[in-house]
Amino acid sequence: GGPKECIFCTKGASSNEKEDLVLFKGKKCFILMNLYPYNPGHLMVAPYRHVGNLTELDVDERNELMELIVKSIAILQKVMNPDGFNVGINLGRVAGAGVEGHVHFHVVPRWSGDTNFMTVVGDVKVMPELLSSTYEKLVVHFAKEK
Numbered sequence: 003g004g005p006k007e008c009i010f011c012t013k014g015a016s017s018n019e020k021e022d023l024v025l026f027k028g029k030k031c032f033i034l035m036n037l038y039p040y041n042p043g044h045l046m047v048a049p050y051r052h053v054g055n056l057t058e059l060d061v062d063e064r065n066e067l068m069e070l071i072v073k074s075i076a077i078l079q080k081v082m083n084p085d086g087f088n089v090g091i092n093l094g095r096v097a098g099a100g101v102e103g104h105v106h107f108h109v110v111p112r113w114s115g116d117t118n119f120m121t122v123v124g125d126v127k128v129m130p131e132l133l134s135s136t137y138e139k140l141v142v143h144f145a146k147e148k
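Last residue of the sequence shown: 148 in the numbering used here, with the numbers rising by one and none dropped.
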């Protein structure tokens with residue numbers, strides 16, 4: 003494991019998936035919901051191992067990351083029916099990485115007419131759906147896939 007203060011190391015090792023918004027645990031990587039989503043259904047896919055760059059991942063980690071990104075898109079498409087997706091990674095602080103020590107991908111559902119920027123009022127975004135409600139809708143589909 004990595005540093006205790008790393009959100010991905012902490013959540014990856016968690017046994018309370020629901021509380022930590024972890025939707026799926028694979029062999030080398032896992033899927034979790036973003037606590038501060040850009041849009042409802044904003045997921046993140048990360049390796050368990052604490053590495054800061056794609057170049058440090060082994061081939062199995064890279065393969066499973068892509069498999070879990072594809073799984074996330076397929077389930078989000080089925081459950082939430084967005085018009086599109088942003089899938090991306092921010093490497094390094096200068097590129098906007100919030101947690102730069104632990105590489106992770108964002109999978110963000112997009113709908114026509116949603117804004118390209120986040121409305122932030124005192125660090126609180128207005129979400130049309132509660133995280134727990136989204137979690138319950140999604141987790142049943144990830145459970146079927148285990």
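Positions of the beta carbon are idealized from the N, C-alpha and C atoms, including for glycine.
{"Item": "Three-state class that DSSP yields for His143 in the structure shown", "Value": "helix"}
{"Item": "Rounded C-alpha distance that separates Gly14 from Gly103", "Value": "14 Å"}
{"Item": "Contact belief for Phe26 with Leu70 at Cβ below 8 Å, rounded distance in angstroms", "Value": "7 Å"}
{"Item": "Any beta strand (DSSP E) of 3 or more consecutive residues that is wholly inside the segment 29 to 83", "Value": "31 to 35, 45 to 49"}
{"Item": "Cα-Cα separation between Val123 and Asp60, rounded to whole angstroms", "Value": "Only weak support exists for where Val123 lies, its pLDDT of 39 falling under 50; the value from the coordinates is given anyway. For Val123 and Asp60, the distance between alpha carbons rounds to 40 Å."}
{"Item": "Sufficient close CB pairs (3 or more, under 8 Å) joining the segment 46 to 57 to the segment 16 to 35", "Value": "yes"}
{"Item": "Whole-number beta carbon distance between Leu78 and Pro84, since they are thought to touch under 8 Å", "Value": "7 Å"}
{"Item": "Where the beta strand (DSSP E) through Lys27 begins and ends", "Value": "24 to 27"}
{"Item": "Expected contact under 8 Å - CB spacing of Leu140 and Val72 to nearest Å", "Value": "Their Cβ separation, rounded to whole angstroms, is 15 Å, which puts Leu140 and Val72 out of contact at 8 Å."}
{"Item": "Opposing strand residues paired with Asn88 [DSSP bridges]", "Value": "Val110"}
{"Item": "Buried or exposed by the 16-neighbour rule on C-beta atoms within 10 Å, applied to Tyr38", "Value": "exposed"}
{"Item": "Nearest-angstrom Cα separation, counted from Leu23 out to Gly43", "Value": "11 Å"}
{"Item": "Three-way DSSP call (helix, strand, coil) for Gly94 in this model", "Value": "coil"}
{"Item": "Local conformation of Cys8 per DSSP, three classes", "Value": "coil"}
{"Item": "Buried or exposed by the 16-neighbour rule on C-beta atoms within 10 Å, applied to Leu67", "Value": "buried"}
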